[in-house]
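*Asks:* Below is one structure. I have some questions about it.
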Amino acid sequence: MKILALAGTIIAYFFAIIGLVGLFYLDWISGIFLIVAAFLMAAMFAVLLRIIFKSIREKKYWTTIRQIVVTICAIFGFFVTFTIGFVVYNNYISPAKLANVTLQNDQGQKVVFVKMSHIATEKFFEKKKNSLQNLNNENYTFLAEGVGTGTTDSETRINEIMGFDFTNLGYAQIAEIFGFTEQKNTLYDSISPEKIRNVDLTLDEIFSLVGEKNPQQETMTESQNLEESLQLIASLSDHQRNIMREILTSLLNMMIKMTDYQIAQIEKNRDTSPIFHFLYVILNERNKPVVDYIISHPDENIVVVYGALHFPGILQGLQQKDVSWKIISVEPFLPYSQD
1229 MKILALAGTI IAYFFAIIGL VGLFYLDWIS GIFLIVAAFL MAAMFAVLLR
1279 IIFKSIREKK YWTTIRQIVV TICAIFGFFV TFTIGFVVYN NYISPAKLAN
1329 VTLQNDQGQK VVFVKMSHIA TEKFFEKKKN SLQNLNNENY TFLAEGVGTG
1379 TTDSETRINE IMGFDFTNLG YAQIAEIFGF TEQKNTLYDS ISPEKIRNVD
1429 LTLDEIFSLV GEKNPQQETM TESQNLEESL QLIASLSDHQ RNIMREILTS
1479 LLNMMIKMTD YQIAQIEKNR DTSPIFHFLY VILNERNKPV VDYIISHPDE
1529 NIVVVYGALH FPGILQGLQQ KDVSWKIISV EPFLPYSQD
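Below, the structure written as structure tokens:
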């Protein structure tokens, strides 16, 4: 028992040291790290109460003070260690990949699905651009993602659903939070406009398909003002901003790797939740024109430049029309790696 107690003490002091270093380096009593403070205080509350009541009974006050300090630092140290492990695993050991997936049917028609992210590193977009130019040299037709504009009413509805003025702010400001860049039309430089098709829906068509359900009741983000978030980031020190971006990037990587789970949740909840119904329309209804175009142009080899979440539905749609469609090659790209 004494050995176990000693081991527990050593581990506690180890995490306490990490916690103290973390407190100094993160400069956490400011900005976004107040959220971390609130989380830690909630986690510590039950443990500290037990220590305090025990010390009152036994009248070991200095021992209690030491235990409280070590407990606080150890819990924070554990949190820091867990966060570092999460970031390292998702950003460096097992980062997400957005591949170029080549499909082919028995008739020899090829489709290259170029999985995209609306925000990523400049290096990622440059590599994708080079791959599109290579496919252009092979005489492919390109289907470019791009929801068409709608009426003022539709734009108001999408802003209410997103939780901020999405039509004006868009992805550029979101990319700024992560230290990335947004996808631009320069992706198609050197490709003739005649070879680029847009079969995507308009905002008006999307909301027509959404119908009477009201997704505004459940906004996709609790942030009502993205500009305030940008101002918060601007107020952080350089090392705080870098740490925050590492954490946010690790969450992005995790979300990309959970694509199948996200699609399954949308499918599962679309009949009970207006927001999931909206997301179902955004994914599945926009997949249909892509599938229809491919099937109706059997003599064309086609590049589909769409977000990664659209790939499973488009592949399924093609296979429902022609079971011979299969994956013949996968070329991975890292969207969020700076290397």
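Each position in the sequence shown, counted from 1, maps to that position plus 1228 in my numbering. No residue lacks a Cβ here, since even glycine has one placed at the ideal position from N, Cα and C.
In the stretch 1510 to 1543, which residue ranges form an unbroken alpha helix (DSSP H) of at least 4 residues, counting only runs that do not cross its ends?
*Replies:* Here the runs fully enclosed are 1514 to 1524.
*Asks:* What first and last residue would you give for the beta strand (DSSP E) that runs through Phe1506?
*Replies:* Looking up residue 1506 in the sequence shown gives position 278. Here Phe1506 belongs to no beta strand (DSSP E); instead the alpha helix (DSSP H) covers Pro1502 to Tyr1508.
*Asks:* I'd like the list of long-range same chain contacts for Asn1318, defined as Cβ closer than 7 Å, with 5 residues on each side in sequence excluded.
*Replies:* Sequence index remark: in the sequence shown, residue 1318 carries index 90 (1-based). For Asn1318, where only same-chain residues beyond five positions count, the Cβ hits under 7 Å are Ser1478, Asn1481 and Met1482.
*Asks:* Do you know offhand how far Asn1367's Cα is from Val1340's?
*Replies:* Within the sequence shown, numbered from 1, the residue matching residue 1367 stands at position 139. Within the sequence shown, numbered from 1, the residue matching residue 1340 stands at position 112. Distance between the alpha carbons of Asn1367 and Val1340 is about 12 Å.
*Asks:* Mind checking whether the beta-carbon of Arg1498 lies closer than 8 Å to any heavy atom of the ligand SAM?
*Replies:* No copy of the ligand SAM occurs in the structure displayed, which carries no ligand at all.
*Asks:* In terms of DSSP beta bridges, what is Val1558 paired with?
*Replies:* In the sequence shown, residue 1558 corresponds to position 330, counting from 1. In DSSP, Val1558 forms a bridge with Val1329.
*Asks:* Specify the secondary structure class of Met1482 as computed by DSSP and reduced to three states.
*Replies:* Counting from one through the sequence shown, the residue named residue 1482 turns up at place 254. Reduced to three states, the DSSP call for Met1482 is helix.
*Asks:* CB Val1509 to CB Leu1546, shorter than 9 Å?
*Replies:* The residue you call residue 1509 lines up with position 281 of the sequence shown. The residue you call residue 1546 lines up with position 318 of the sequence shown. Not in contact: Val1509 and Leu1546 (Cβ atoms no closer than 9 Å).
*Asks:* Just list the residues that DSSP pairs Arg1425 with in beta bridges.
*Replies:* The sequence position of residue 1425 within the sequence shown is 197, counting from 1. Paired residues: Leu1371.
*Asks:* List the endpoints of the continuous beta strand (DSSP E) containing Val1551.
*Replies:* As a first step, residue 1551 must be located in the sequence shown, where it is residue number 323. Element bounds for Val1551: n/a, residue is neither H nor E.
*Asks:* DSSP three-state label for Ser1565, please.
*Replies:* Within the sequence shown, numbered from 1, the residue matching residue 1565 stands at position 337. If DSSP states are grouped into helix, strand and coil, Ser1565 belongs with coil.
*Asks:* Quick check on the DSSP output: the alpha helix (DSSP H) that includes Lys1356 runs from which residue to which?
*Replies:* Locating residue 1356 in the sequence shown gives position 128, where the first residue counts as 1. That run of the alpha helix (DSSP H) goes Glu1350 to Asn1365.
*Asks:* Going by DSSP in three states, Gly1305 sits in which element: helix, strand or coil?
*Replies:* Sequence index remark: in the sequence shown, residue 1305 carries index 77 (1-based). Looking at Gly1305 - three-state DSSP - the assignment turns out to be helix.
*Asks:* Should Ala1400 be labelled buried (16 or more other beta-carbon atoms within 10 Å of its own) or exposed?
*Replies:* Within the sequence shown, residue 1400 is the residue found at index 172, counting from 1. Label assigned to Ala1400: exposed.
*Asks:* Please state if the CB of Leu1437 and the CB of Pro1517 are separated by a distance shorter than 9 Å.
*Replies:* As a first step, residue 1517 must be located in the sequence shown, where it is residue number 289. As a first step, residue 1437 must be located in the sequence shown, where it is residue number 209. Taking 9 Å as the Cβ cut-off, Pro1517 and Leu1437 do not qualify as a contacting pair.
*Asks:* Can you list, in chain order, the residues of its chain with a C-beta nearer than 6 Å to that of Asp1550? Leave out the 5 residues immediately preceding and following it.
*Replies:* Indexing the sequence shown from 1 puts residue 1550 at position 322. Closer than 6 Å at Cβ, skipping near neighbours: Asn1333.
*Asks:* Could you tell me the distance, in whole angstroms, from the CA atom of Ile1424 to the CA atom of Thr1377?
*Replies:* Here residue 1424 refers to the residue found at position 196 of the sequence shown. Here residue 1377 refers to the residue found at position 149 of the sequence shown. Taking the straight line from one Cα to the other gives about 18 Å.
*Asks:* For Thr1430, name the three-state secondary structure that DSSP assigns.
*Replies:* One-based indexing of the sequence shown puts residue 1430 at position 202. Strand.
*Asks:* Express the C-alpha separation of Val1375 and Asn1515 in angstroms, rounding to a whole number.
*Replies:* By 1-based counting over the sequence shown, the position of residue 1515 is 287. By 1-based counting over the sequence shown, the position of residue 1375 is 147. For Asn1515 and Val1375, the distance between alpha carbons rounds to 12 Å.
*Asks:* What is the DSSP secondary structure of Trp1256, reduced to helix, strand or coil?
*Replies:* Here residue 1256 refers to the residue found at position 28 when the sequence shown is read from its first residue. Below a pLDDT of 50, predicted positions are generally treated as unreliable, and Trp1256, at 41, falls in that range; no measurement from the model is reported.
*Asks:* To the nearest angstrom, how far is the alpha carbon of Glu1350 from that of Phe1406?
*Replies:* One-based indexing of the sequence shown puts residue 1350 at position 122. One-based indexing of the sequence shown puts residue 1406 at position 178. Cα-Cα distance, rounded: 12 Å.
*Asks:* Would Lys1412 and Phe1370 qualify as a contact pair, given that the criterion is a beta-carbon distance under 9 Å?
*Replies:* Within the sequence shown, numbered from 1, the residue matching residue 1412 stands at position 184. Within the sequence shown, numbered from 1, the residue matching residue 1370 stands at position 142. Contact flag unset, no.
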